[in-house]
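>
Protein chains: 4
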Amino acid sequence: MKNKETKPHWKDKLHEIIYEADTPTGKVFDIVLLIAIIFSIVLVMLESVKSFDIKYHSFLNISEWIITILFTIEYVLRIITVKKPWRYITSFYGVVDLLSTIPKYLSIIFAGTQGLIALRALRLLRVFRILKLARYLGASQHLANALKASRAKISVFLFAVLIACVIFGTIMYLVEGEENGFTNIPKSVYWCIVTLTTVGFGDIAPVTALGQFIAAIIMILGYGIIAVPTGIVSAEYATASKDPNKPPPIDLNSQSCSNCNAKRHKDSAQYCYRCGESLHL
Amino acid sequence: MKNKETKPHWKDKLHEIIYEADTPTGKVFDIVLLIAIIFSIVLVMLESVKSFDIKYHSFLNISEWIITILFTIEYVLRIITVKKPWRYITSFYGVVDLLSTIPKYLSIIFAGTQGLIALRALRLLRVFRILKLARYLGASQHLANALKASRAKISVFLFAVLIACVIFGTIMYLVEGEENGFTNIPKSVYWCIVTLTTVGFGDIAPVTALGQFIAAIIMILGYGIIAVPTGIVSAEYATASKDPNKPPPIDLNSQSCSNCNAKRHKDSAQYCYRCGESLHL
Amino acid sequence: MKNKETKPHWKDKLHEIIYEADTPTGKVFDIVLLIAIIFSIVLVMLESVKSFDIKYHSFLNISEWIITILFTIEYVLRIITVKKPWRYITSFYGVVDLLSTIPKYLSIIFAGTQGLIALRALRLLRVFRILKLARYLGASQHLANALKASRAKISVFLFAVLIACVIFGTIMYLVEGEENGFTNIPKSVYWCIVTLTTVGFGDIAPVTALGQFIAAIIMILGYGIIAVPTGIVSAEYATASKDPNKPPPIDLNSQSCSNCNAKRHKDSAQYCYRCGESLHL
Amino acid sequence: MKNKETKPHWKDKLHEIIYEADTPTGKVFDIVLLIAIIFSIVLVMLESVKSFDIKYHSFLNISEWIITILFTIEYVLRIITVKKPWRYITSFYGVVDLLSTIPKYLSIIFAGTQGLIALRALRLLRVFRILKLARYLGASQHLANALKASRAKISVFLFAVLIACVIFGTIMYLVEGEENGFTNIPKSVYWCIVTLTTVGFGDIAPVTALGQFIAAIIMILGYGIIAVPTGIVSAEYATASKDPNKPPPIDLNSQSCSNCNAKRHKDSAQYCYRCGESLHL
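Chains as they are written, first to last, in the numbering used here: chain A, 8 to 288; chain B, 8 to 288; chain C, 8 to 288; chain D, 8 to 288.
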């Protein structure tokens, strides 16, 4: 695998900076990116506030262009420094990184059609940049395991809750009727979900005595069954954290292979566990 | 029991397709049925949306007839292929399957009286078809055990909550009075349930300072005691999942006896554990 | 203690019927009492519904008198059959039983002053009859232990929540001000409790951007800290149910001593553990 | 360290009374302070209720002055009796104690500018006196440990919830639009947090069918994921309470060193663990 080291040194250096957080420069890069993402999300949000947009329109526009160009450079560098670019481009983060840049460019192409609603939606795609933050959610492996273990059971539970909502919603539609806001079954089911999950907007509320009685039953039911998913997760989590047969957690570092982009290498790893590429060049 | 094998082969074949999900044809049947159920529920819901019903009335009517005939065929086949039909007809799913078909037929008989409210209710009975989905909720035996173990304690708890609601409701009726929406005790108790379960519609809300003070106490109480059912379920669930005296879970398959319709046979079972009928004919 | 057996036999018999649920007659007495209590609560509730009260006033009045006389007889019998009546009269249930009867009698004495609000409140005292039901809440000893063990911690927790509510309430009063419904600090604190406990009536809601931002922080805080009491109770409950040093639960029966009214005797007990009175006469 | 005992005896005596709760006088001091704090908080609250402030303005003013002078004396005594006053002044409670006194004094200085909003805010700073109560929250060390252990995981979880809220909020802004109350993205995100945390004010509620459908998804998601922090805390709490490797809890007393103000000395401690000062002079 040593012969692969003949590739230009600056590529390896850049790969280490962009994809890894072990070196000081890598850390700086990560923090700059983090600030840029949060700043860009705040920009998208402020742009939607009309009074603000009118006042600071040119400031928002220029800042947006700076962010877009920054993200474009980042995207291009990520493609260049990885040895198998296609794997990165088609990965989840590859798509997210691309979507973070194109909406602004498209806004020039369709500049004449600014009024289109579809374009507004397109521009708002930029909010998905927040998914770039998911990279920093980090190694809560333990929690993820507990959720994965209880996923099937929580699905079954939510499915049962939905069945109950359809039945109770239909009953409430019959009992309350259209004159009290329960105009059709889908709306009644929506109300039932609002009530069972203890959200309780109050935009629709039962008026008749019988309707309020049934609502009380739904609420107490919702209060009682909220215990179920909690019980599942907390038991699974407890089991996951004291299973004696489980191997001790391996210290995984933030390196990623410059060849195949694989992550979660052991701290002591010298070569990529997937493609055999040397990790420390 | 071998002499029972002389019954026509097609009945056994059909039984396997309808009642079991082990064979490919059985799986296809299940998926088709699942789609038909969900489609029929969506139909019932859309029918209640007036603007949609006016536009696509004939489409809804024809689709509904197709679904009804499909469910009728399924119901008849289930009766024919089971050796003890009466046991199936009087079972929970037998009743649900029957109720899934008759409302549409009754709508012809009472065609002249279309305006009757009772009939509208009857037509909506079709929503209970969703209970046919319960068949697919599957083997969450573990969860059911935890719920069964904590059922008694949760009942006692909910009973205590109800007592508290009646007392607090009466106090609020006295404090707030009819001019602030607390028109009578049942309504006050309803409000108290809405508050204690943290639903909080806001259709009725305390206005006087004393009323808001008592409401604050009710809310903090509700916030504190929601911990109780959760604690019970999660402890019972944890106990159920690590009891060392518990026998290891037996792999149960989805077969059901063609004679007595018993379910939950062991994977290695050759004969029905209830009536001794051969399972693999 | 044998010399105490010379007291009239009918008193012992009655004591067994009224205070214990082991004999068939005792069970019948309990069920009749249970129905009478629930019926009387429903009466009090219906009386507050004006339209119902006008229609069925005499029915409500007569039923109420029957219930009151029944409860009076029960109260007198309980005093007669207990050997130490004063201990019963001053006990929690003694007071509840007395309060279940007197409001109706007082309504004759103050008959001329029917219009007094105080009297209405007095009549509603009858709703506390529901506390008579607490007798039937039964032996959820296990749950009570878990609650007792976590009581101190939950108090500390609720105290901390209250401190947070006072501070956040004051901040919201400053930020939103009187024009947006936050008319004074107590009301702001009330709103903060409504929000933190996730009840959310919506009678008061932040209008300014800054107010909504702070509200969002309060909500996420409330969402995060609801985990704390739940975690405490469920851990204490789990500990309580598998402590190996704990003696095995003793089968307690529903007998009560005819001399001192002590309860929770062991099934095999021959004499009262408190006063030595023979239990089976 | 014995030579330090030459400092005047009354200082040590006062230190014991003010900083410790082991002696009867220390306990009396604590209770008096506790009452004064709660009384002063009630005063601040009542002052904000206009109708009350007009009626009892001079009473409120005089009481406030008494409380302020009391707290000033307490603050001065605390500085005098501690050997390293600077450490106390810059500590959390030192700042809180100072903030409890100054707002009232500042109100004289700026007496002519009574109408200033900033001053009203300043006067309300007095509400932070409630933080003086935190001293009495006491030794819930066990609970604090469980929270500390799960802090990182709950942060990651809340961060993920925030990301979801931003995305769902933007989608709702597009779907519902400005005419239905979702006037801009920050407001939509606020609504999303209100919904996901099951608070549900109802000041903004989806009107379109698609909006209500997405809202239903958000609610069921919120209902499902509330299980996560609860599961974490309760598992960590359970682990913390039965870890066999953990040393048995040391009985910590309420003494504090008169030299460096260090707390949490062992009951058997003779000298301060931080500076070696003798504890019992």
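Don't be surprised by glycine CBs; every beta carbon is placed ideally from N, CA and C.
1. Enumerate in chain order the residues of its own chain whose CB-to-CB distance from E23 of chain B is below 7 Å, with the five nearest sequence positions on each side excluded.
2. Closer than 9 Å by beta-carbon distance: list the chain B residues that pair up with G188 of chain D, in chain order.
3. Does DSSP classify A223 of chain A as helix, strand or coil?
4. Quick check: the stretch 199-218 of chain A against the stretch 179-191 of chain A, are there 3 or more CB pairs under 8 Å?
5. Can you tell me the Cα-Cα spacing of L169 of chain D and L228 of chain D, whole angstroms?
6. Using 8 Å as the threshold, is the stretch 171-181 of chain A in touch with the stretch 195-207 of chain A, meaning 3 or more CB pairs across them?
7. Strictly below 9 Å CB to CB, what residues from chain B border G207 of chain D?
8. Would you mind telling me which residues of chain C sit closer than 7 Å to S241 of chain A, beta carbon to beta carbon, in chain order?
9. Where does G218 of chain B sit, in a helix, a strand or coil, going by DSSP?
10. Beta carbon of F166 of chain A, beta carbon of P236 of chain A: below 8 Å?
11. May I ask which residues mark the beginning and end of the alpha helix (DSSP H) holding S107 of chain C?
12. Would S107 of chain C pass as a contact of V240 of chain C if the rule is Cβ separation under 8 Å?
13. Please state the DSSP three-state secondary structure of N68 of chain B.
14. Taking only beta-carbon atoms, is T237 of chain D less than 8 Å away from chain B?
15. Say whether chain A places a C-beta atom closer than 8 Å to the C-beta of Y82 of chain D.
16. List, in chain order, every chain C residue whose beta-carbon is nearer than 7 Å to that of S55 of chain D.
17. Would you call the CB atoms of Y63 of chain C and T204 of chain D closer than 8 Å?
18. Taking all protein chains shown into account, do 16 or more other C-beta atoms lie within 10 angstroms of the C-beta of I257 of chain B, making it buried, or fewer, making it exposed?
19. Report back the beta-carbon spacing between Y95 of chain C and I87 of chain C to the nearest angstrom; my notes put them in contact at under 8 Å.
20. Would you list, in chain order, the members of the stretch 90-114 of chain D that have their beta-carbon closer than 7 Å to a beta-carbon of chain C?
21. Using a Cβ-Cβ distance under 8 Å, would V51 of chain B count as near chain C?
22. Against chain C, with Cβ distances strictly below 8 Å, would Q121 of chain D count as a contact?
23. With burial defined as no fewer than 16 other Cβ atoms inside 10 Å of the residue's Cβ, what is the status of Y112 of chain A: buried or exposed?
24. Is the distance from the Cβ of I48 of chain D to the Cβ of V182 of chain C below 8 Å?
25. Is the beta carbon of F46 of chain A closer than 8 Å to that of I74 of chain A?
26. Distance, Cα to Cα, I161 of chain D vs A234 of chain A?
27. Return helix, strand or coil for T79 of chain B, following the three-state DSSP convention.
28. If distances are taken between C-alpha atoms only, which option among D:Y82, D:S58, D:I69 comes closest to L40 of chain D?
29. Considering only residues of the stretch 27-68 of chain D, which uninterrupted beta strand (DSSP E) runs meet the minimum length of 3 residues and lie entirely inside it, listed in chain order?
30. Using a Cβ-Cβ distance cut-off of 8 Å, determine whether P251 of chain D contacts chain A.
31. Go ahead and pull the three-state DSSP assignment for P213 of chain D.
32. Under 8 Å, Cβ to Cβ, is there at least one residue of chain C near L67 of chain D?
33. Give me the Cα-Cα distance between A171 of chain D and A222 of chain B, rounded to the nearest whole angstrom.
34. Please list the partners that Y244 of chain C has in chain B, where partner means a Cβ-to-Cβ separation under 7 Å.
35. How about A156 of chain A: is its C-beta nearer than 8 Å to some C-beta of chain B?
So, from the listed chains and residues:
1. T30, G33
2. Here the premise fails: no neighbours, minimum Cβ distance about 15 Å.
3. helix
4. yes
5. 13 Å
6. yes
7. V206, G207, F208, G209
8. S241
9. helix
10. no
11. No alpha helix (DSSP H) holds S107 of chain C; DSSP gives it neither H nor E.
12. no
13. helix
14. yes
15. no
16. Y180, N191, I192
17. no
18. With a pLDDT of 40 at I257 of chain B, under the threshold of 50, the modelled position of this residue cannot be trusted; read the value that follows with caution. By the neighbour-count rule (16 or more Cβ atoms within 10 Å), I257 of chain B is not buried but exposed.
19. Not really, about 10 Å apart at Cβ, beyond 8 Å.
20. none
21. no
22. Here the model assigns Q121 of chain D a pLDDT of 44, short of 50, so the residue's position is not dependable, and the following value carries that caveat. Not one chain C Cβ lies under 8 Å of Q121 of chain D.
23. exposed
24. no
25. yes
26. 19 Å
27. helix
28. D:Y82
29. none
30. For P251 of chain D, the pLDDT reaches just 45, beneath the cut-off of 50, and the residue's location in the model is therefore unreliable, although a value from the coordinates is still provided. Not an interface residue.
31. coil
32. no
33. 32 Å
34. G238, I239, A242
35. no
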